Amino acid sequence: MVEDGGKNSAVDSLSTEEWLSCAQGLVPKALEKAREVKGFPGRWKMIISKLEQIPSRLSDLSSHPCFSKNALCKEQLQAVSKTLNEAIELAELCVKEKYEGKLRMQSDLDALAGKLDLNLRDCGLLIKTGVLGEVSFPSAVASTSAEPEAAVHGNLRELLARLQIGHLEAKHKALDSLVEVMKEDEKNVLAVIGRSNIASLVQLLTATSPRIREKTVTVICSLAESGSCENWLVSEGVLPPLIRLVESGSTVGKEKATISLQRLSMSSETARSIVGHGGVRPLIEICRTGDSVSQAAAACTLKNISAVPEARQALAEEGIVKVMINLLDCGILLGSKEYAAECLQNLTSSNDDLKRSVISEGGLRSLLAYLDGPLPQESAVGALRNLVCLVSMDVLISIGLLPRLVHVLRSGSLGAQQAAASAICRICSSTEMKRAVGEAGCIPLLVRMLEAKANNVREVAAQAIASLMSVSHNCRDIKKDDKSVPNLVALLDPSPHNTAKKYAVACLTLLSSSQKCKKLMISYGAIGYLKKLTEMDIPGAKKLLERLERGKLKSLFSKK
Numbered sequence: 001m002v003e004d005g006g007k008n009s010a011v012d013s014l015s016t017e018e019w020l021s022c023a024q025g026l027v028p029k030a031l032e033k034a035r036e037v038k039g040f041p042g043r044w045k046m047i048i049s050k051l052e053q054i055p056s057r058l059s060d061l062s063s064h065p066c067f068s069k070n071a072l073c074k075e076q077l078q079a080v081s082k083t084l085n086e087a088i089e090l091a092e093l094c095v096k097e098k099y100e101g102k103l104r105m106q107s108d109l110d111a112l113a114g115k116l117d118l119n120l121r122d123c124g125l126l127i128k129t130g131v132l133g134e135v136s137f138p139s140a141v142a143s144t145s146a147e148p149e150a151a152v153h154g155n156l157r158e159l160l161a162r163l164q165i166g167h168l169e170a171k172h173k174a175l176d177s178l179v180e181v182m183k184e185d186e187k188n189v190l191a192v193i194g195r196s197n198i199a200s201l202v203q204l205l206t207a208t209s210p211r212i213r214e215k216t217v218t219v220i221c222s223l224a225e226s227g228s229c230e231n232w233l234v235s236e237g238v239l240p241p242l243i244r245l246v247e248s249g250s251t252v253g254k255e256k257a258t259i260s261l262q263r264l265s266m267s268s269e270t271a272r273s274i275v276g277h278g279g280v281r282p283l284i285e286i287c288r289t290g291d292s293v294s295q296a297a298a299a300c301t302l303k304n305i306s307a308v309p310e311a312r313q314a315l316a317e318e319g320i321v322k323v324m325i326n327l328l329d330c331g332i333l334l335g336s337k338e339y340a341a342e343c344l345q346n347l348t349s350s351n352d353d354l355k356r357s358v359i360s361e362g363g364l365r366s367l368l369a370y371l372d373g374p375l376p377q378e379s380a381v382g383a384l385r386n387l388v389c390l391v392s393m394d395v396l397i398s399i400g401l402l403p404r405l406v407h408v409l410r411s412g413s414l415g416a417q418q419a420a421a422s423a424i425c426r427i428c429s430s431t432e433m434k435r436a437v438g439e440a441g442c443i444p445l446l447v448r449m450l451e452a453k454a455n456n457v458r459e460v461a462a463q464a465i466a467s468l469m470s471v472s473h474n475c476r477d478i479k480k481d482d483k484s485v486p487n488l489v490a491l492l493d494p495s496p497h498n499t500a501k502k503y504a505v506a507c508l509t510l511l512s513s514s515q516k517c518k519k520l521m522i523s524y525g526a527i528g529y530l531k532k533l534t535e536m537d538i539p540g541a542k543k544l545l546e547r548l549e550r551g552k553l554k555s556l557f558s559k560k
C-alpha cells in the first residue's frame, strides 16, 4: 500500500474511480513495455503472467457495491498503480540496457514480481474478508450516526483487514493502531474479529522484526485472556511461535507469550499440544530465571499441564519436581508458590515414582513450611496426603506433620480440612500412629467436620473417626464429646447422596458398648434410620439395630 506520508496534494485529490482508471490505463502500457524486453526472459515471462491477472482483480474490486466508499479500495489501487509504474520503468531500462548491473537488475525484477504477487493477493483478500461491505465513517459522522456501533464495527473491520493487506511496514502501522484500540475498546474488537484476522496475527508472530513480534503477542495475549478466541488461536497454529517467544523473545515478549500459554493451557487438549511442541523446557527455564509475572504465569501453565496424567512423565524428565519445590521455597510472587503446590499435588496424585522424587528432593519440609504461610492450604495438604503413605511414622512426627494437620483442621478452608482428614486416613495404618493423631487433638475437630454441608467432607471425616476409634483411648475421647453421637446419627440418613452412612454405622457400633451413648442414639432417632439401612444391606446396620432395640426393651421393662 502507498503510505500516507508519501502522497502529495494532487494524489490526495484523486477519487477511487480516478485511481481505478489510472490503474486500468497502466496495465496495457506495462504489458507492452514488458513484451519488448529481450533480456532476462524467464523473469519477464513470470512478470507478464502476473500483469495479465491484474485486470480481472481490478474488475472484481470495482464491481463491489461499496467500491467507492471504502478507503481500502483507494489505497489498494494506489499500490497497484505504483507497482505498474515500477514495471514500466524497469522494462524501459531493460530495453535500453541502461541498468547498473545484471545482478542488481535480477534483484529488482524479483522484487517487482513479489510486489505484483502482493497486489494480486491483497485484491483477493479485500473481496474474501468481506471488509468492503463495511463503510468507513469519518469520526464526526460516526458520532452523530443513527447507528454509531455499526460505524465503529466498520472501522474496526477495516483496521483488522489492514493486518492482512499490504507490506510489512503497513501491517506494522495497523498493528500499532490495533494495540491502542484494544486498550480503549477491547469489547468491540472482540465483537468483530474473525478467524482470518487471527490467522494474520499468528503469522505476524514470526515476523523478522522484534518490535512487530512484541506488539503482536501483546494483542494475542489480550485475545487469549478474553476467553473468546482460544480455539481459533490454537487451530491457526499460535502455540509454536508463542513457545519460541518464551525461549528467546524480549522481556515483554516472553511475559506476554507466557501469559497467553497460561490461559490457553486451561484446555487439556491444548496442554497436551504445548508438551508436544516442546513447550515444557522453556516454561521450566522461566520458572528458574524469569521475572515475577513471567515466573507466576509459567508456574500456572505447568500446573495446568500437570493436571493431564499422560503429560506428567514429560514434566518429570525436564526436572519439574526440583523446580516446583524451589518455587515453594523462593517463588517471587505468592501466586508462584500456590501454583507450585497445586502442581506438586497433581504430580503426586497417582505416580509412586514421582512421589518418591518429591520426597527425596525435600518436598515434605517445603510443603510443611508453605502451610505456615498466608497462602491457601488445600493443594499443599493434598500433596502431603499423597505422600504420607510412603513415609514412616517417625519421620512424619519428626517433621511436625501432626501439629500442621491440627492447625488446618481448626482454621483451614473446607477443602483444606477435607484434604487433612484424608491425610489422617492414610497415615493411620498403625496403632501407634492412631494414638499419636488422637493425642495431637484431631478428634474434636473431626467430629465438628461431621456437621459440614458438603457430603464429601462429612464422609472423609467419618472415615477418619472410624479408623481412629480402633484405639480405645481415642474411642473414650469420642464418647466424651457431646457432639459425636448426634452428628454420627445424622449421618445414618439413608438418602443416596449420603455416602458417609457406612462409616457412621461403624463408629456408632463401637460407641454402643456405652449405655449412655445407646440412649443418645435412640433419642436422636437412630432406630428408624437403621431399619431403612438394614433394608439397604448396609454392613453392620442390622447388628447395631438389634443392639439398640434390645436396649430399648430393657429400658421399658426396667421402667415397669
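Anchor point for the sequence shown: position 6 equals 6 in UniProt numbering, and the numbering is continuous, going up by one each time.
Every residue, glycine too, gets a C-beta built ideally from N, C-alpha and C.
All of these numbers come straight from a predicted model, not from anything done at the bench.
Where residue i falls, given that 16 or more other Cβ within 10 Å makes a residue buried
| i | result |
| --- | --- |
| E459 | buried |
| K560 | In this prediction, K560 scores a pLDDT of 44, lower than 50, which makes its location untrustworthy; the coordinate-derived value is nonetheless stated afterwards. Burial call: exposed. |
| R195 | exposed |
| V381 | buried |
| L545 | buried |
| D117 | exposed |
| G227 | exposed |
| P539 | exposed |
| K434 | buried |
| M324 | buried |
| V395 | exposed |
| S235 | exposed |
| M449 | buried |
| S168 | Reading the sequence as shown, one finds Leu at residue 168 and not Ser. Exposed. |
| residue 586 | Any question about residue 586 goes unanswered here, given that the chain covers just 1 to 560. |
| D353 | exposed |
| R57 | buried |
| S145 | Any reading at S145 must be qualified, since the residue scores a pLDDT of 43, below 50, and its modelled position is unreliable; the value itself is stated next. So S145 counts as exposed. |
| K187 | exposed |
| E18 | exposed |
Beta-carbon spacing of residue i, residue j below 8 Å
| i | j | result |
| --- | --- | --- |
| L328 | K337 | yes |
| L468 | K501 | no |
| L51 | A34 | yes |
| C221 | I165 | no |
| V202 | L160 | no |
| Q53 | L120 | yes |
| S294 | E255 | yes |
| S514 | K479 | yes |
| C428 | L405 | no |
| E378 | A416 | yes |
| M521 | V471 | no |
| K245 | R213 | The sequence shown places Leu at residue 245, rather than the Lys named in the question. The answer is yes: Cβ separation under 8 Å. |
| N304 | A271 | yes |
Reduced DSSP category for residue i - H, G, I as helix; E, B as strand; rest coil
| i | result |
| --- | --- |
| G335 | helix |
| N326 | helix |
| I424 | helix |
| N407 | Sequence check: residue 407 is His here, not Asn. Three-state result, H407: helix. |
| E285 | helix |
| C229 | coil |
| D122 | helix |
| F67 | helix |
| A140 | Unreliable positioning characterises A140 in this predicted model, as indicated by a pLDDT of 39, which lies under 50. A coordinate reading is not provided. |
| P41 | helix |
| P376 | coil |
| N474 | helix |
| E255 | helix |
| Y370 | helix |
| I399 | coil |
| E236 | coil |
| M266 | coil |
| G438 | helix |
| residue 562 | The first residue shown for the chain is 1 and the last is 560, placing residue 562 beyond what the model contains. |
| N351 | coil |
| T83 | helix |
| G279 | coil |
| V460 | helix |
| T431 | helix |
| Q78 | helix |
Proximity test, residue i beta-carbon vs the ligand PLP heavy atom, cut-off 7 Å
| i | result |
| --- | --- |
| E169 | Because no ligand of any kind appears in the structure shown, any question about the ligand PLP cannot be addressed here. |
Beta strand (DSSP E) runs contained entirely in the region 480-538, provided each spans 3 or more residues: When DSSP assignments are scanned along the region 480-538, no uninterrupted stretch of beta strand (DSSP E) that is 3 or more residues long falls wholly within it.
Complete alpha helix (DSSP H) runs within the region 154-206 (minimum length 4 residues, chain order): Segments of the alpha helix (DSSP H) lying fully in the region 154-206: 168-192, 195-204.
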